[in-house]
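Chemist: Quick note, in our numbering, the first sequence goes up one by one and the last residue is 617.
C-beta: ideal position from N, C-alpha, C; glycine also.
Just passing along the structure, written as structure tokens.
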Amino acid sequence: MENSEFAKIFYDNAKLLELGQENVFRIRAYQRAAQSIENYSGNIESVYKKGGIEALEAIPGIGKSLAEHIEEIIKTGKLKAEQSLFKKFPKTILDVISIPGLGPKTALLLYKKLKIDSIDKLKRAATEGKLMKVPGIRAKKIENILAGIELKKRNIGRFSIGTALPLAGSLVNGLKGIKEIDQIMPCGSLRRGQETIGDIDILITSKKPGVIMDAFVKLPQVDRVLGKGDTKTSVILKNGMEADLRVVEPSSFGSAIHYFTGSKQHNIMIRELAIKKGLKISEYGVFKGNKKIGGKTEEEVFRAVGLPYIPPELRQGRGEFEAAKKNELPRLIEIKDIRGDLHVHTKATDGSNTIEEMAEKARSLGYEYIAITDHSVSTRIAHGLTKEQLLSHIKKIEKESSKLGFRILKGSEVDILPDGRLDYPDEILERLDIVFASVHSNFKMERSQMTKRIITAMNNRHVSVLSHPTGRLIGEREPYAVDLDAVLKAAKDTGTFIELNSFPARLDLDDNHCKAAKDLGVLIAITTDAHVTDQMDNMKYGILTAKRGWLEKKDILNSQPFDKLLKTLALKRR
DNA sequence: GCCGTTTTCGGCCCGACTGTTTTCAGTCG
């Protein structure tokens with residue numbers, strides 16, 4: 044069972060407890076546990092299988108009672124406590140609470156007064172005017188509920204960071220000219236480098252917020268305004284994404300970007316730390332009583348609670364405070380540490396550029412080397428190369444390399460066949476400098492079979508890197524069923540490297556498993572899988588994910604200088 | 001329901017905006 048499935052049960056349970064008007068702290072405990080499980084780098088079920096209830100209790104936010112709940116879910120597939128709540132409230136009522144602007148209190152009221160327990164019934168009641176009979180609900184609220192239903196229908200799920208980052212850039216550019224702006228910075232999940240973004244958060248410091256709010260809602264990207272005040276304005280953009288703008292005094296810049304960057308869990312934790320020290324932290328600053336003692340920079344906020352600066356990508360409430368206290372924060376990988384791109388395609392298969400063009404792009408990025416890794420014969424849709432074509436491609440790469448005076452590795456992205464064999468025989472593979480092995484077919488295999496298939500391929504001494512290990516396409520295709528813990532362990536045992544594919548829709552390996560790989564001592568190759576020269580700029584997304592996975596320069600295969608890289612690659616082939 | 005360098009009991013982050021009210025509850029981030 045995946046962590047996200049456990050998390051969902053706890054999230055749902057929390058919502059049902061809210062409807063039942065349970066103790067708010069008990070509700071929060073469920074939410075906290077759900078979040079903690081979601082963010083946990085190992086698999087919860089394996090943790091239980093290995094160490095039982097006790098091991099579960101070591102996970103932050105999980106105590107005796109919730110550990111027993113997890114055990115129950117593993118053993119029976121469900122949670123009795125939740126099932127009995129479902130007897131009180133139908134399952135579909137959770138959809139009602141998920142409408143933006145409509146929370147548990149209103150949902151409970153609607154259920155009691157009008158027996159509304161689904162979005163359909165809600166919509167009917169709203170259009171037929173029945174909601175007007177409910178105390179506390181008037182025309183404006185009904186309008187908002189209907190708008191919320193529409194919004195939810197349109198805005199299914201979150202947006203890729205590949206969409207959100209450029210969009211945030213264009214919003215910032217649209218505002219930059221305003222002279223009343225002191226500083227401007229995108230914050231939120233974007234600044235934390237999350238793979239998907241729910242909404243764009245932008246922080247501005249200024250003494251004249253009114254002017255800025257007016258300009259913001261008039262930006263061409265804006266579709267409609269959700270709320271507008273002196274310090275906070277929310278809009279829906281034309282692509283359906285929400286954007287929030289917050290304006291504070293210049294003297295609050297540090298505490299404001301800290302607050303606005305989150306995560307929520309991180310903020311709660313730092314505020315709790317502050318309370319213990321007799322301080323109060325808000326977006327306006329660090330306070331001792333009524334006296335402001337810090338907040339101009341983020342460093343000041345951390346210093347107030349006796350901690351070193353924690354980079355935004357680590358602010359997930361998953362161990363960063365403990366590491367900071369012990370002064371054991373990682374020195375995260377930076378894009379400047381990357382010395383080459385190891386996974387790119389050319390015109391020879393499904394790319395758009397020549398070997399030379401890709402190599403020149405690598406040079407322009409300041410890289411020392413590049414590896415050309417076109418598809419193997421079975422990926423017919425991408426015009427995979429036959430053995431003969433690959434051999435002549437290898438010659439061409441050698442020629443280009445000496446012509447350009449740039450180090451170009453001879454590589455291939457080789458299909459892993461359903462039985463775990465590779466798409467080229469060993470005598471071909473041994474002519475290559477680097478071999479990526481990928482699953483591109485038969486995604487629907489049974490979990491244990493898929494795991495075996497991949498591990499079989501990793502056992503081949505010519506396979507250097509396992510490419511996009513889960514095959515997911517964010518928002519389009521679920522990962523195939525595979526036991527990643529077993530795959531990572533096999534990587535360690537066989538000396539195989541693991542790819543972090545920087546394509547914004549892939550970001551595969553994800554951040555959590557990057558951390559798991561690091562803990563095992565498995566090196567990660569951050570690559571772009573570029574099919575066009577421009578896509579080599581996607582490296583930044585991979586770097587963000589790597590940072591979220593606590594990866595350092597030493598954990599990254601392609602941070603190594605060329606000579607060392609060759610030696611490292613050779614280790615696998617011994 | 002969780003948790004402990006003030007606590008094994010008694011706490012549990014902080015503030016903005018909206019819509020409905022006559023001072024505030026609900027929702028959100």
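Distance, Cα to Cα, Gly409 vs Pro604?
Modeler: It is roughly 13 Å from the alpha-carbon of Gly409 to the alpha-carbon of Pro604.
Chemist: Which residue from Ala57, Arg69, Ile87 and Val268 puts its Cα closest to that of Glu48?
Modeler: Ile87
Chemist: Tell me whether the beta-carbon of Ile497 lies closer than 8 Å to the beta-carbon of Val525.
Modeler: yes
Chemist: Taking only runs of the beta strand (DSSP E) that begin and end inside the segment 463–544, which ones reach a length of at least 3 residues, in chain order?
Modeler: 477–481 and 540–544
Chemist: Can the beta-carbon of Lys596 be found less than 8 Å from the beta-carbon of Ile376?
Modeler: yes
Chemist: Below 8 Å on the Cβ atoms is my guess for Gly220 versus Ala559; work out the distance and round it to an integer in Å.
Modeler: With a Cβ gap of about 46 Å, Gly220 and Ala559 do not count as contacting.
Chemist: What's the C-alpha gap between Arg549 and Ser510?
Modeler: So the two alpha carbons sit approximately 11 Å from each other.
Chemist: So for Gln226, helix, strand or coil by DSSP?
Modeler: strand
Chemist: For a quick check, are the C-beta atoms of Arg181 and Ile240 less than 8 Å apart?
Modeler: no
Chemist: Can you tell me which residues form a DSSP beta bridge with Phe202?
Modeler: Note: Phe202 sits in a beta bridge opposite Ile240.
Chemist: Evaluate contact between the segment 581–600 and the segment 348–365, counting only Cβ atoms and requiring at least three cross-stretch pairs below 8 Å.
Modeler: yes
Chemist: Nearest to Leu527 by alpha carbon, out of Val278, Ser491, Asn282 and Val457?
Modeler: That would be Ser491, whose Cα lies nearest to the Cα of Leu527.
Chemist: Going by the DSSP bridge assignment, what does Lys430 pair with across the sheet?
Modeler: DSSP output for Lys430 lists no bridge partner at all.
Chemist: Would you decide whether Thr513 is buried or exposed? Buried here means 16 or more other CB atoms lie within 10 Å of its CB.
Modeler: buried
Chemist: What is the DSSP secondary structure of Asp273, reduced to helix, strand or coil?
Modeler: coil
Chemist: Buried or exposed: where does Glu186 fall if 16 or more other Cβ atoms within 10 Å of its Cβ makes it buried?
Modeler: exposed
Chemist: I'd like the list of long-range same chain contacts for Lys166, defined as Cβ closer than 8 Å, with 5 residues on each side in sequence excluded.
Modeler: So the qualifying residues of the chain are Leu189 and Ile192.
Chemist: Let me make sure I understand the geometry here. Which of Ile227, Lys196 and Ser232 has the alpha-carbon closest to that of Leu208?
Modeler: Ser232
Chemist: Does the Cβ-Cβ distance between Ile471 and Leu452 come in under 8 Å?
Modeler: no
Chemist: What is the DSSP secondary structure of Ala211, reduced to helix, strand or coil?
Modeler: Looking at Ala211 - three-state DSSP - the assignment turns out to be helix.
Chemist: Given 8 Å as the limit, is there contact between the segment 560–567 and the segment 383–401, that is, 3 or more CB pairs closer than that?
Modeler: no
Chemist: Which first and last residues belong to the beta strand (DSSP E) in which Gly337 is found?
Modeler: Lys334 to Gly337
Chemist: Once DSSP output is grouped into helix, strand and coil, what is the label at Ala190?
Modeler: helix
Chemist: Give the DSSP bridge partners of Ile415, in chain order.
Modeler: Val387 and Lys453
Chemist: Identify whether Ile353 lies in helix, strand or coil by the three-state DSSP scheme.
Modeler: coil
Chemist: Assuming Asp287 is part of the beta strand (DSSP E), what are its boundary residues?
Modeler: Residues Glu285 to Val291.
Chemist: In terms of alpha-carbon separation, which member of Lys495, Asn502, Met493 and Phe486 lies closest to Pro479?
Modeler: First, the residue type needs correcting, since residue 479 is Phe and not Pro in the sequence shown. For the set Lys495, Asn502, Met493 and Phe486, the Cα lying nearest the Cα of Phe479 is the one of Asn502.
Chemist: Go through its chain and collect everything with a Cβ distance to Lys320's Cβ below 7 Å, but skip five positions before and after it.
Modeler: Val348
Chemist: Give a yes or no on contact between the segment 389–399 and the segment 411–428, applying the rule of three or more CB pairs nearer than 8 Å.
Modeler: Taking 8 Å as the limit for Cβ pairs, the verdict is that the segment 411–428 does touch the segment 389–399.
Chemist: Out of curiosity, what's the CA-to-CA distance linking Gly205 and Pro178?
Modeler: 44 Å
Chemist: Check for me: the alpha helix (DSSP H) holding Lys379 runs from which residue to which?
Modeler: Per DSSP, Lys379 belongs to no alpha helix (DSSP H) and is neither H nor E.
Chemist: Should Ala299 be labelled buried (16 or more other beta-carbon atoms within 10 Å of its own) or exposed?
Modeler: That one is buried.
Chemist: With DSSP as the reference, label Ala548 as helix, strand or coil.
Modeler: Ala548 falls in the coil class under three-state DSSP.
Chemist: Secondary structure at Glu595, three-state DSSP: helix, strand or coil?
Modeler: strand
Chemist: Can you check DSSP and say which residues form a bridge with Ser444?
Modeler: DSSP lists no partner for Ser444.
Chemist: At which residues does the beta strand (DSSP E) containing Thr570 begin and terminate?
Modeler: Ile567 to Thr570
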